[in-house]
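Report on the structure given below.
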Amino acid sequence: MVKKSTDMMKRSSFVLCAAWGLSLAACNDTRDLAPERADQPWQPSLAVMAHNGLVMPPGQQGFAAPREVGSKALLQAHVERFDGGGAPLSLVELIDVAERTNPQTRMAWEAARQAAIGVGLSRAALLPQLTFSAMGGFQRMAFPLPSYLSQRGYLTSNGEAFYPKLELDYLLFDFGQTRAQIQEAQQGALAADYGFTQVHQTLILTVTKAYYAYQSAQNMVQAAQSAEKNAALLLRAAQARHAHGEATVVDVAIAQRNAAQAVFDHERAQDGEHEAKHALLAAMGLPATMDLTVQKMDGQHLPNTLPSNVQGLINQALQARPDVLADLAKLRAADAAVAAAKASLAPRIAVAGIMQGYMGALKTYGTQQSAPAATIAQPEGSAFLQMNWPLYQGGARANSIHLAESRRQQAEAALAQDRIAVEREVADGQDELSTTLAQLRSARVLCTAAQTAFSGASAAYVQGVGTLTDASNAATALYQAQASLAVSEAQAFTNAAVLAHATGRLVSSSAMTAAFRDDAVSP
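Position 335, counted from 1, in the sequence shown is what our numbering calls 636; the numbers after and before it change by one each time, with no gaps.
In structure tokens form, the structure reads like this:
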């Protein structure tokens with residue numbers, strides 16, 4: 302009978318604790334506070350922005366939800382396109398692959414998820430804390446007795462017992478300390494989400510820079526090829542004129558030297574192209590041995606004009622930059638930490654309760670009369686209202702407050718520093734883009750003029766009315782002009798992306814194509 306009651310109480314206690322614990326744990330699952338995916342930048346909802354007193358950046362209210370496409374399947378499709386030599390990938394597709402393959406996005410995503418889980422850990426302090434424990438076993442005891450009570454002078458007892466126990470600790474009031482800790486964790490999770498978006502934006506800019514550097518390297522190869530052909534043309538002309546007695550051996554040697562130099566420049570340009578390609582693959586998180594076919598940037602247009610209202614761009618950046626918003630969340634987390642530290646000076650009031658049972662049997666031997674085993678199966682319980690108020694801890698709580706206040710000042714200084722950095726980045730980005738646009742226009746004019754000059758000088762030398770020196774100088778000037786155009790064009794697109802990143806507009810791969818419209822940099 303005792304054994305049956307013991308088993309029933311074991312099962313009922315275990316089922317009750319398991320059901321209650323699972324239900325409470327399910328109510329405190331905070332993983333949904335983190336971004337849903339590692340391959341898409343996080344965008345705060347209107348509710349999140351309003352709750353945290355933030356303003357939604359202009360033009361970001363209508364962002365579409367992430368596409369429900371399996372990242373592994375899409376990545377496999379991209380890999381097949383790489384290895385199979387399929388259609389060239391555009392910049393948007395390269396960024397899309399990078400967001401799926403680069404380990405930085407996964408690391409930032411896991412950090413955001415950990416911060417979200419930390420919110421659940423802090424909330425757990427407001428929920429009842431239940432602890433189930435059980436102890437059972439066998440014990441043999443011996444006691445000395447007078448001879449008139451026991452012929453052998455002692456008695457023995459064999460006991461079997463089982464003690465299940467359920468303990469409750471439920472916080473009632475702590476003057477806001479726990480809720481301040483929850484607020485600190487929530488702001489920390491928000492800062493981690495913004496940090497996750499910042500990683501994506503930085504990755505987008507890195508891939509963009511590598512893409513245009515690769516485009517520039519390819520254009521340099523084309524310019525070197527053209528220069529090699531031009532040098533070969535002049536060499537054939539010099540050899541032909543020398544065969545007819547119209548050119549000297551020196552002219553032929555100079556033409557041979559120029560042709561050899563052109564071949565050397567072509568090989569060096571090819572090496573630069575390989576390095577740029579490897580850098581692009583590394584930025585995407587792909588192995589350097591992968592065969593990558595990149596779509597040319599033909600058809601992309603740069604803005605014709607730039608906004609003169611730099612302050613408007615700065616204001617837009619301060620509202621949209623995830624690093625500034627993360628600093629703001631960290632500052633509010635520090636405020637909550639100060640409130641929690643001050644609340645630790647107040648008492649903590651909680652309810653404590655214990656429900657347990659004693660089930661067992663005791664059989665005694667050695668007395669004059671043999672008695673049956675004594676059995677028991679009774680519940681026990683207690684409930685208390687508990688107050689915990691540390692009065693003196695050697696200055697630990699005072700130093701905790703000082704530490705929290707110092708960290709709050711540090712967070713405020715970090716926010717001010719990042720604001721200054723953002724203002725400088727936007728101003729520098731606007732100036733650099735304006736300068737590179739002017740340089741690009743000059744490079745295009747220079748390239749056209751150099752091509753005309755070389756065509757005339759080379760034709761004149763072939764016809765015998767010009768000198769090899771003039772034709773060689775024109776060929777060198779044409780190569781330099783084409784190289785300058787390649788560098789200027791790539792730098793202009795890169796600076797446009799830098800300015801878009803500085804203002805917080807590079808929030809997704811699809812936003813990359815919009816960064817080069819005439820109105821893309823308008824405040």
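All residues carry an ideal CB built from backbone N, CA and C; glycine is no exception. Fair warning: this is a prediction, and the values are worked out from it, not measured in the lab.
Practice task
May I ask you to report which of helix, strand or coil DSSP gives residue 565?
Solution key: Note: residue 565 maps to helix in three-state DSSP.
Practice task
Decide yes or no for the touch test of the segment 480 to 500 against the segment 406 to 420: beta carbon pairs closer than 8 Å, at least 3 of them.
Solution key: The segment 480 to 500 is in contact with the segment 406 to 420.
Exercise for the section: Give the secondary structure of residue 598 by DSSP, where H, G and I count as helix, E and B as strand, and everything else as coil. Expected result: Correct three-state label for residue 598: coil.
Problem - Range covered by the beta strand (DSSP E) that runs through residue 404 - result: Segment 404 to 424 is the alpha helix (DSSP H) holding residue 404; no beta strand (DSSP E) there.
Exercise for the section: Would you grab the beta carbon distance between residue 665 and residue 458 for me? Rounded to a whole angstrom, and I think it's under 8 Å. Expected result: Indeed they touch by this definition, with Cβ atoms about 5 Å apart.
Handout entry: When 776, 653 and 759 are compared against residue 471, the one with the closest alpha-carbon
Key = Checking every option, the nearest Cα to that of residue 471 belongs to 653.
Handout entry: Within the segment 609 to 671, ranges of the alpha helix (DSSP H) (whole runs, at least 4 residues)
Key = Here the runs fully enclosed are 611 to 621 and 623 to 644.
Handout entry: Separation of residue 734 from residue 800, as counted between CA atoms
Key = Just so you know, the alpha carbons of residue 800 and residue 734 end up roughly 8 Å apart.
Exercise for the section: Can you give me the Cβ contacts of residue 763 inside the same chain, cut-off strictly under 7 Å, excluding the 5 residues immediately before and after it? Expected result: Same-chain partners within the cutoff: 538.
Exercise for the section: Could you tell me whether the Cβ atoms of residue 615 and residue 723 are closer together than 8 Å? Expected result: Yes, the pair counts as a contact, with Cβ atoms nearer than the cut-off.
Problem - Limits of the unbroken beta strand (DSSP E) element including residue 462 - result: Annotation for residue 462: the continuous beta strand (DSSP E) segment containing it runs 455 to 474.
Problem - Closest by C-alpha distance to residue 474, when choosing among 746, 702 and 687 - result: Across the set 746, 702 and 687, the C-alpha of 687 shows the shortest separation from the C-alpha of residue 474.
Practice task
Go to residue 443, then tell me how far its beta strand (DSSP E) extends in each direction, as first and last residue.
Solution key: 430 to 445 is the span of the beta strand (DSSP E), which, as asked, contains residue 443.
Practice task
Counting only the same chain and skipping the five closest in sequence on each side, list residues whose C-beta sits under 7 Å from that of residue 663.
Solution key: For residue 663, where only same-chain residues beyond five positions count, the Cβ hits under 7 Å are 458, 460, 674 and 675.
Problem - Nearest-angstrom beta carbon gap, residue 392 and residue 509 [assumed within contact, 8 Å] - result: Indeed they touch by this definition, with Cβ atoms about 7 Å apart.
Exercise for the section: Count the CB pairs spanning the segment 517 to 528 and the segment 566 to 574 that are closer than 8 Å, and state whether there are at least three. Expected result: Using a C-beta cut-off of 8 Å, the segment 517 to 528 makes contact with the segment 566 to 574, since at least three inter-stretch Cβ pairs fall below that distance.
Handout entry: Which of helix, strand or coil DSSP assigns to residue 676
Key = Residue state, collapsed to three classes: strand.
Problem - Contacts around residue 747, its chain only, beta-carbon distance under 8 Å, and the 5 residues preceding and following it disregarded - result: Excluding positions up to five away in sequence, the list reads 782, 785 and 786.
Handout entry: Touch test, the segment 438 to 448 against the segment 397 to 410, Cβ-Cβ under 8 Å, three pairs minimum
Key = With a cut-off of 8 Å, the segment 397 to 410 and the segment 438 to 448 do not count as touching, because too few Cβ pairs lie within range.
Practice task
Quick one: grab the DSSP three-state call for residue 448.
Solution key: DSSP places residue 448 in coil when its eight states are reduced to three.
Problem - First and last residue of the uninterrupted alpha helix (DSSP H) at residue 741 - result: Counting along the chain, the alpha helix (DSSP H) containing residue 741 begins and ends at 697 to 763.
Practice task
Could you say which of 709, 795, 704 and 768 lies nearest to residue 556 if we only look at CA atoms?
Solution key: Taking the Cα of residue 556 as reference, the smallest distance to any Cα among 709, 795, 704 and 768 is reached at 768.
Problem - Burial state of residue 679 (16 or more Cβ within 10 Å) - result: So residue 679 ends up on the exposed side.
Problem - Cβ-based burial, residue 726 [other Cβ within 10 Å; buried from 16] - result: So residue 726 counts as buried.
Exercise for the section: Apply the 10 Å Cβ neighbour rule to residue 547 and answer buried if 16 or more other Cβ atoms are within range, or exposed otherwise. Expected result: With fewer than 16 other beta carbons inside 10 angstroms of its own, residue 547 counts as exposed.
Handout entry: Residue interval of the alpha helix (DSSP H) (run including residue 521)
Key = Residues 478 to 544.
Handout entry: Residue from 415, 710, 750 and 796 whose Cα sits closest to the Cα of residue 736
Key = Of 415, 710, 750 and 796, the residue nearest in Cα terms is 796.
Handout entry: Helix, strand or coil at residue 789 [DSSP, three-state]
Key = Residue 789 falls in the helix class under three-state DSSP.
Practice task
Identify whether residue 773 lies in helix, strand or coil by the three-state DSSP scheme.
Solution key: Note: residue 773 maps to helix in three-state DSSP.
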